[in-house]
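In what follows, a single structure is set out as structure tokens and then discussed.
2 protein chains.
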Amino acid sequence: MKIPNPGFTLVQPAVTVEDINDPATVNAGIEMLDQDAVKLQSQPLRARRVIVRLGAAMVVLHTSNLRLRTRTSVHQGLLAYVAFGPQARGTVNGLPVRPGMLLAAAPDSEARFVVDAGWEAMAFLLPPEDIRTHLAVRQRDREFRMPQGVETLQVSEVRARQLFDWGKRLVDTAVLDPALFNESEAERSAAQVELLETLLATLDMADDFEPGRSDRTRQSQSLIVKAAEDHALSQTGATLYVTDLCKAVGVSERTLEYAFKEVMGLTPVAYLIRLRLHRVRQALLATTPESTTVSAAALCWGFWHFGEFSRAYKDCFGELPSDTLLRKP
Amino acid sequence: MKIPNPGFTLVQPAVTVEDINDPATVNAGIEMLDQDAVKLQSQPLRARRVIVRLGAAMVVLHTSNLRLRTRTSVHQGLLAYVAFGPQARGTVNGLPVRPGMLLAAAPDSEARFVVDAGWEAMAFLLPPEDIRTHLAVRQRDREFRMPQGVETLQVSEVRARQLFDWGKRLVDTAVLDPALFNESEAERSAAQVELLETLLATLDMADDFEPGRSDRTRQSQSLIVKAAEDHALSQTGATLYVTDLCKAVGVSERTLEYAFKEVMGLTPVAYLIRLRLHRVRQALLATTPESTTVSAAALCWGFWHFGEFSRAYKDCFGELPSDTLLRKP
DNA sequence: GGCCGTCTATCGCAATTCCGCAAAACATGA
DNA sequence: TCATGTTTTGCGGAATTGCGATAGACGGCC
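Just so you know, the sequences run in chain order H and P. According to the numbering used here, the first sequence is numbered sequentially starting from 1. According to the numbering used here, the second sequence is numbered sequentially starting from 1001.
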């Protein structure tokens, strides 16, 4: 009987499947990805992340069964390219996801996703050197441009679909038979080469996406929301007033409201309350019943009325805040 | 002297006139309709229901001399279309009844009516196949859309009036001369064809009703009330607390109060007490003096103080609970 | 039985958010 | 430059919510 190297396969198997039922735990057990997820609907979350590690590169599939907003960035010097499933609906930095759209993101740059139910996105993470060496071998080293921040690219619908499907097939195979990748270095590097070739072939065809007028509107609305959100998060304990937000962001109240409604589908206060609820949950999960009380955590995030807080929390997460605090061993 | 076929006319005559003086007995002797009525005023009830059966279809007129709330659903696979009398005032699922408004309800879907004194509503119940075959004969089978749940339609005021008046004339004729329909199959099927033609002609003109802002508010208030009511009914024996209701429904106390006042015209506790009184009455009417006592039935529904219960019961129904229990032989 | 403290429901009031509407400002393309 | 369609903004009314005053019910105690 074959015994796999436990030091490798246990600490970091090539294939990881995570079912995510709690937006507060998206960051658990993943080192190169930084995500902050907020549920925009109250139904129970059933999201999933599948990672296939191919040497220094990796393929990551994200799916979600409900509307979410996430802010995601990739670290450890990895570049990210993202393709979207045919059913995926949502926005990236305000830009509606559309057929043929691809994302290119520099290391540590942050993308703001708003994701609708039925979301499927395939991310390809890899170190820039992999691309450079791959191209150098083929003497095409000047063709690669390092993305600045998060860039939106456009290819033909079929091309984008091919890229997504390639990833989907890889992930499906990996889920059905993890041992194939977990135990075979050869399988992994073969896939890695194929990944580079498929990806670069697609990128070769890619144009910069030229946003139209309504696109730019959405983008600026997304920025308004981001600014308001950042401001609200910096004023953790204070009561929320839209007036303050508007002054901080520099737009009229009406514009702020329209922007939130357009981007998040929620009114400003409704969304920011939800955001704070998520922060409280993260705080509750990060401590023990001995070191904190629910009211202290709630108070930190501006919930002055315990009854109201408790009700909103229950409605959002399906359990009482006290249960969250007690549940963890 | 002519003797009608007793096996038919007794079991199910085509024309039925029921005078309803007791909200607890609305369901008696009617198989396709499920109604739960609650008096919102204390005066004696004098409601009436006239049914004219035309083959598988039927025309049902409801009138009431005082404010009522009913939850109604139609079974046996029958579709329901409802037109309202010119004097009818009230709400359906929170939406105010207005001129030109029609209702279309799928089988088993529930409509929450709040009905003011002087109510007149004409319901047309028929199996979907009747409509399909009727249209198929005229080669217009694609024009019929099965309603999903309870839908609100809008036609011109005169059209709606014509539909209502057609039903009113039919019902008036049937009340004055029941034998006409009871004994003549030909008369019934002629009326059935006319019903289909009148109804479909009206439906042809119907638009989906677009609720405005205040409409949507009423709708959500109606949902709040429904949720609170359902919760209260699931907690039969427990003491009522507004706080609990609010937690169950997920709104603030003030909102709950406004919702009840707006929808029912009563405060939350006042309404829910009335609802429980009705349930006790149903229980009392459903048993014999040997098998239950008044206090047992009252206790089941959370009335701990017999004096208060008795007084409220008398005020609502005009008789003492003990008399209700003894009255039926 | 009558009185008082406590608890709860109800309601008015005010602060705030939310949303429809339409005018003003702006961008785009002919 | 103008005409056109979109975006931003302001305004006003409606809806929501919290707070506090009041009243009424309940329970205990004299």
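Think of the CB as a built atom: it goes at the ideal place given N, C-alpha and C, for glycine as much as any other residue. Treat the numbers as computed from the prediction; the structure is a model and nothing was measured.
Query raised in the report: For the segment 212-244 of chain H, which segments carrying the alpha helix (DSSP H) assignment without a break, of at least 4 residues, lie completely within its bounds, in sequence order?
Result: 213-234
**Report entry** Three-way DSSP call (helix, strand, coil) for P:F1144 in this model
**Finding:** coil
Query raised in the report: Counting only runs that start and end within the segment 94-134 of chain H, where is the beta strand (DSSP E) found for 3 or more residues in a row?
Result: 101-105, 110-115, 119-126
Query raised in the report: Does the beta-carbon of H:T70 have 16 or more other beta-carbons within 10 angstroms, so that it is buried, or is it exposed?
Result: buried
Query - Min CB distance H:R311 to chain P below 8 Å - result: yes
**Report entry** Rounded separation between P:A1232 and P:H1305 - CA only
**Finding:** 18 Å
**Report entry** When H:M205, H:Y241, H:P321, H:T133 are compared against H:L153, the one with the closest alpha-carbon
**Finding:** H:M205
Requested in this report: Mind listing the chain P neighbours of H:D331? Cutoff is C-beta to C-beta under 7 Å, in chain order.
Outcome: Outside the shown range of chain H (1 to 329) lies residue 331 of chain H, about which nothing can therefore be said.
Query raised in the report: Three or more C-beta pairs closer than 8 Å, one from the segment 127-146 of chain H and one from the segment 83-90 of chain H: is that the case here?
Result: no
Query raised in the report: What three-state label does DSSP hand P:G1085 in the structure shown?
Result: coil
Requested in this report: Go ahead and label H:I3 buried or exposed: buried means 16 or more other beta carbons lie within 10 angstroms of its beta carbon, across all protein chains shown.
Outcome: Residue placement at H:I3 cannot be trusted, given a pLDDT of 46 that sits under 50; what the coordinates show is reported in the next sentence. Per the 10 Å Cβ criterion, exposed.
Report task. Have a look at P:H1075, P:Y1313, P:G1307 and flag the residue whose alpha-carbon is nearest the alpha-carbon of P:E1031. Result -> P:H1075
**Report entry** Whole-angstrom C-beta distance between H:A104 and H:P44, which should lie under 8 Å
**Finding:** That pair is no contact at about 34 Å.
Requested in this report: Please list, in chain order, all residues of the same chain as H:A238 whose beta carbon is under 7 Å from its beta carbon, the five residues on each side excluded.
Outcome: G302
Query raised in the report: H:V150 to H:L266, Cα distance in whole Å?
Result: 25 Å
Query - DSSP beta-bridge partners of H:S73 - result: H:D34, H:E110
Query - CB-CB length for P:P1211 against P:Q1219, believed under 8 Å - result: 7 Å
Query raised in the report: If the cut is a Cβ gap below 7 Å, which residues of chain H does P:K1247 touch?
Result: R311
Query raised in the report: For H:P289, is the classification buried or exposed, using 16 other Cβ atoms within 10 angstroms of its Cβ as the cut-off for buried?
Result: exposed
Query raised in the report: What does a CB cutoff of less than 8 Å around P:G1100 pick up in its chain, not counting 5 residues either side in sequence?
Result: Q1154, V1155, S1156, E1157, R1159, A1160
Query raised in the report: Of all the options P:A1028, P:L1068, P:S1073, which has the alpha carbon lying nearest to the alpha carbon of P:P1107?
Result: P:S1073
Query raised in the report: Quick one: what does DSSP say H:E210 is sitting in, helix, strand or coil?
Result: coil
Query raised in the report: For the segment 108-123 of chain H against the segment 50-68 of chain H, are there 3 or more C-beta pairs whose distance is under 8 Å?
Result: yes
Query - Cβ-Cβ distance between P:V1249 and P:I1273 below 8 Å - result: no
**Report entry** Identified DSSP bridge partners for H:I20
**Finding:** H:A47
Report task. Tell me whether P:T1133 is buried or exposed, calling it buried when 16 or more other Cβ atoms sit within 10 Å of its Cβ. Result -> exposed
Query - Whole-angstrom distance between P:R1213 and P:L1256, CA atom to CA atom - result: 19 Å
Report task. Express the C-alpha separation of P:V1280 and P:H1027 in angstroms, rounding to a whole number. Result -> This sequence places Asn at residue 1027 of chain P; His is not what is there. About 16 Å.
Report task. Could you check the C-alpha separation between P:A1201 and P:Q1139 for me, to the nearest Å? Result -> 15 Å
Query raised in the report: Hey, would you say P:L1277 sits closer than 8 Å to P:Y1313, going by beta carbons?
Result: yes
Query raised in the report: Looking only at DSSP bridge pairs, what is P:L1061 linked to?
Result: P:V1050, P:M1122
Report task. List the endpoints of the continuous alpha helix (DSSP H) containing P:T1267. Result -> Careful: P:T1267 lies outside any alpha helix (DSSP H) and carries neither H nor E.
Report task. Please check if any C-beta of chain P sits within less than 8 Å of the C-beta of H:I3. Result -> With a pLDDT of 46 at H:I3, under the threshold of 50, the modelled position of that residue is not reliable, and no figure is offered here.
Query raised in the report: Taking buried to mean at least 16 other C-beta atoms within 10 Å of its own C-beta, is H:N21 buried or exposed?
Result: exposed
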